[in-house]
Each structure stands twice: as C-alpha cells, then as structure tokens.
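S.K.: The structure is given below, and queries will be raised subsequently.
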Ligand SMILES: Nc1ncnc2c1ncn2[C@@H]1O[C@@H]2COP(=O)(O)O[C@H]3[C@@H](O)[C@H](n4cnc5c(N)ncnc54)O[C@@H]3COP(=O)(O)O[C@H]2[C@H]1O
Ligand SMILES: Nc1ncnc2c1ncn2[C@@H]1O[C@@H]2COP(=O)(O)O[C@H]3[C@@H](O)[C@H](n4cnc5c(N)ncnc54)O[C@@H]3COP(=O)(O)O[C@H]2[C@H]1O
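Protein chains in written order, with my numbering: chain A, 1 to 141; chain B, 1001 to 1141.
In structure tokens, the structure reads:
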C-alpha cells in the first residue's frame, strides 16, 4: 500500500467494538467508578447512558483529585459524587465513516478515541495500540 | 528519509529527559504515591532510588487494587504500604544507544518506555506521543 492508500483506509476494521469496551453509566457514583477502573485495569474509560450515547470520559485522577482535602484524602465523599460531576465532557471522537488519517491526527494527543455513528450512538474505540500496530506493519513492508 | 533510515534513527533526540519525568522514590508509601499521581495527572510513573536507578513502575490501579476489601475500600492502609511492595518490577526499557525501530517494537504494548544507560542509570522516557508524532511526519513526507 502507498502511504496515501494507507491513510485513506476506513477505520471500521480496527475499532474495538462497544461490547468489549469497559465503561461507566451516567448516574453511577465515583466509588463505583473507582471499582470498575480498578477491576478492569484501564486508566480511563467512556461514560455512557442507557441508550449507549457518549457523555464523557473518566479517569482515576478525576476521582482522586476532588477529594484531596487539606490534611487527609476524603474517601468517604466518593459515594456522594456522581460521575457526570467529575468526568471530562470533551471527548476526542471519530465518526464511524472516518479514515485512518483522521485517527492518526487525533491519537497524537489522546490515548484512545471514541467512535460514534451519525445518530451519536457509541460504536467502540480506536486505541493507540491498534494504530501503532498498523503503522509498524506499513513501515516494515 | 527512507523507512530504513527512519527506523535506524537514534532515540536520543526524542527522549523526555529524567528531570522532566514525574516519579516516586523507593521507600515512599502508597498514599504519597497517590498524591503524586493525582497532582501530576499521569496514570503511571517510574519508581527510582536516590541514585536514579530504575526499580519499577507504579500506576493508580496498583494502589487501589490491594485495598479493595470485602465490603469497603480500606483507604487507611495506604500509609502502611510501600511502593516497592506493589509496583511492577518488569519495566519495558530501552538503552540510550537504541534506535527508533526498537522503540517502535516496544511501544506496541507499553504507553512509555524507560531509558537507561549502560550503568543502569535512569536517563528519561520515550512516549507513544513522541513516537506517533515522528511516524506521522514520516508518513506525510
Ligand atoms: N488488560 C490489558 N491487556 C493488555 N494490555 C493492556 C491492558 N490494559 C492496558 N494495556 C496496555 O497499556 C496501554 C495503556 O492502557 P491505559 O489503560 O492507560 O489506556 C487505555 C484505556 O484508557 C483505553 N482502553 C483500551 N482498551 C479498552 C477497553 N477494552 N475498554 C475501555 N477502555 C479501554 O484506551 C487506552 C489506550 O489503550 P491501548 O490498548 O492503546 O494501550 C494500552 C495497552 O497497550
Ligand atoms: N499533562 C499532560 N499534558 C498533555 N498531555 C497529557 C498530559 N498528561 C497526559 N497527556 C496525554 O495523555 C496520554 C496518556 O497519558 P498517561 O498519563 O495515561 O500515560 C503517560 C504516563 O504514564 C507517562 N508519562 C508521560 N509523560 C510523563 C512525565 N513527564 N512524567 C512521568 N510519566 C510520564 O507516559 C505515558 C504516555 O504518555 P504520552 O505523552 O504518550 O500520552 C499522554 C498524552 O498524550
């Protein structure tokens, strides 16, 4: 493949589909989110609603930062905090119809990208790992 | 640059040098590490000793996982846990004399790589972001 053909590849074959993506739901509290992040081992995951629409992204640090009190960490407050109060609402996204070039441009600054369709439904994620594997394959050919 | 020349580039120009790398020290406790990770915003950082030798890697999840008790999270134990008890001792490393190809092979599975010299002194890190920027530049040329 030429570099141009490589960059014009559709992203569809490379997406990690939604059923394989760990996430939390709108309305969950921060302690539940801490459990999900700890058990799945991911540092940052999408926040979805019951209709699989994308609302934001949540990392461990967004959970610990609001509870760093003056002289001790206020862990007891975690059950009172909702994920939508602390999540990052600006999520780097791709449309399901985008090509590899668009994904490459965005992963420079984001470890993963959320993929949505024209209705705004969450379809899955594109990760740096998948993109790096393809780049390595292309450069070694 | 041909792909071969690109892959043979030394990594030295692309390293984030040690003084810019957030880390924790051997002997620190897990609560101190939680503060460092929260304040710097990084999800995973190196563990060094006073002589800047590399001992392991520590993430938020390695801090929260050991304290998930049967019915509540045992935050009070964090000051009793030392970083060397919970860190990942297998760290993906590069030698300061390695080339880009070696870095590319390793970042498929690691968000960052620790760079050490022949004495085992920590010199800095190579990140996926830096590698992706160079790959993008190479493919667009
Ligand atoms: N259980 C596991 N098995 C094998 N390797 C693992 C792993 N967990 C993490 N890694 C490795 O560590 C990298 C960084 O993971 P992190 O959780 O910080 O950052 C992840 C996480 O925030 C998110 N992510 C990846 N897969 C996910 C999934 N199935 N569900 C939710 N989020 C996911 O995308 C980011 C980038 O992922 P990427 O694969 O490029 O890069 C991953 C992968 O190379
Ligand atoms: N303060 C900040 N400003 C701008 N962008 C930020 C940022 N913090 C994180 N990011 C973005 O998020 C990516 C994942 O960061 P993470 O902390 O999970 O994963 C990081 C972290 O574990 C480690 N890392 C990067 N820079 C570090 C530093 N100066 N000190 C210690 N560890 C560092 O290397 C991993 C990959 O870093 P990479 O740059 O490829 O990828 C970073 C970068 O694109």
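By construction, the Cβ of each residue, glycine as well, lies at the ideal position given by its N, Cα and C atoms.
Is there contact here, the segment 51-69 of chain A with the segment 1082-1101 of chain B, by at least three beta-carbon pairs under 8 Å?
M.R.: Verdict: no, contact absent.
S.K.: According to DSSP, what are the bridge partners of residue 38 (chain A)?
M.R.: None; residue 38 (chain A) has no bridge partner.
S.K.: So with CB distances below 8 Å, who are the chain E contacts of residue 59 (chain A)?
M.R.: Included in the structure are the protein chains A and B, with no chain E among them.
S.K.: At a CB-CB cut-off below 7 Å, which residues of chain A make contact with residue 1107 (chain B)?
M.R.: 132, listed in chain order.
S.K.: Using a Cβ cut-off of 8 Å, which residues of the segment 1004-1033 of chain B contact any Cβ in chain A, in chain order?
M.R.: Listed in sequence order: 1006, 1007, 1031.
S.K.: Using a beta-carbon distance below 7 Å, is residue 65 (chain A) in contact with chain B?
M.R.: It does: the Cβ of residue 65 (chain A) has a partner Cβ on chain B nearer than 7 Å.
S.K.: Tell me whether residue 1051 (chain B) counts as near ligand 1, meaning its Cβ is closer than 6 Å to at least one heavy atom of that ligand.
M.R.: No, since every heavy atom of ligand 1 falls outside the 6 Å radius drawn around the Cβ of residue 1051 (chain B).
S.K.: What did DSSP end up calling residue 13 (chain A) once you bin it into helix, strand or coil?
M.R.: Three-state result, residue 13 (chain A): helix.
S.K.: Could you give the first and the last residue of the continuous alpha helix (DSSP H) run that contains residue 1064 (chain B)?
M.R.: From DSSP, the alpha helix (DSSP H) with residue 1064 (chain B) extends over 1060-1064.
S.K.: With distances taken between CB atoms, is the gap from residue 1126 (chain B) to residue 1103 (chain B) smaller than 7 Å?
M.R.: Yes, the pair counts as a contact, with Cβ atoms nearer than the cut-off.
S.K.: Using only CA atoms, which one of A:82, A:67, A:46, A:33 lies nearest to residue 18 (chain A)?
M.R.: Measuring from the Cα of residue 18 (chain A), the nearest candidate turns out to be A:46.
S.K.: Tell me whether residue 24 (chain A) sits in a helix, a strand or coil according to DSSP, three-state version.
M.R.: Strand.
S.K.: Is there a Cβ from chain A that is less than 7 Å from the Cβ of residue 1053 (chain B)?
M.R.: Answer no: the Cβ-Cβ gap between residue 1053 (chain B) and chain A never drops below 7 Å.
S.K.: With a threshold of 16 other CB atoms inside 10 Å of the CB of residue 128 (chain A), please say whether the residue is buried or exposed.
M.R.: Per the 10 Å Cβ criterion, buried.
S.K.: Sort out for me which residues DSSP pairs residue 1113 (chain B) with in a bridge.
M.R.: Looking at the DSSP assignment, residue 1113 (chain B) forms a beta bridge with B:1126.
S.K.: Buried or exposed: where does residue 1033 (chain B) fall if 16 or more other Cβ atoms within 10 Å of its Cβ makes it buried?
M.R.: The residue in question, residue 1033 (chain B), is buried, as its Cβ has 16 or more Cβ neighbours within 10 Å.
S.K.: Looking at residue 1094 (chain B) and residue 1107 (chain B), is the spacing between their C-beta atoms short of 7 Å?
M.R.: Not a contact, by the Cβ cut-off of 7 Å.
S.K.: Since residue 30 (chain A) contacts residue 78 (chain A) with CB under 8 Å, what's their CB separation in whole angstroms?
M.R.: The Cβ separation is near 4 Å, so the contact holds.
S.K.: Hey, quick one: how far does the alpha helix (DSSP H) through residue 1044 (chain B) stretch, first residue to last?
M.R.: From DSSP, residue 1044 (chain B) is part of no alpha helix (DSSP H) but of the beta strand (DSSP E) over 1044-1048.
S.K.: Report all residues from its chain with a CB closer than 7 Å to the CB of residue 1081 (chain B); omit the five preceding and five following residues, and keep chain order.
M.R.: 1029, 1030, 1066.
S.K.: Taking the beta carbon of residue 140 (chain A) as the centre, do at least 16 other beta carbons fall within 10 Å, making it buried, or is it exposed?
M.R.: It counts as exposed.
S.K.: Is it true that the CB of residue 1038 (chain B) sits closer than 7 Å to the CB of residue 64 (chain A)?
M.R.: In this structure, residue 1038 (chain B) lies closer than 7 Å to residue 64 (chain A) by Cβ.
S.K.: How long is the line joining the alpha carbons of residue 48 (chain A) and residue 86 (chain A), rounded to whole angstroms?
M.R.: So the alpha carbons of these two residues sit roughly 14 Å apart.
S.K.: Drop a sphere of 10 angstroms on the beta-carbon of residue 1001 (chain B), count the other beta-carbons inside from all chains shown, and report buried for 16 or more, exposed for fewer.
M.R.: By the neighbour-count rule (16 or more Cβ atoms within 10 Å), residue 1001 (chain B) is not buried but exposed.
S.K.: Starting from residue 1087 (chain B), follow its DSSP beta bridges and name the residues at the other end.
M.R.: In the DSSP output, where bridge partners are listed per residue, residue 1087 (chain B) has none listed.
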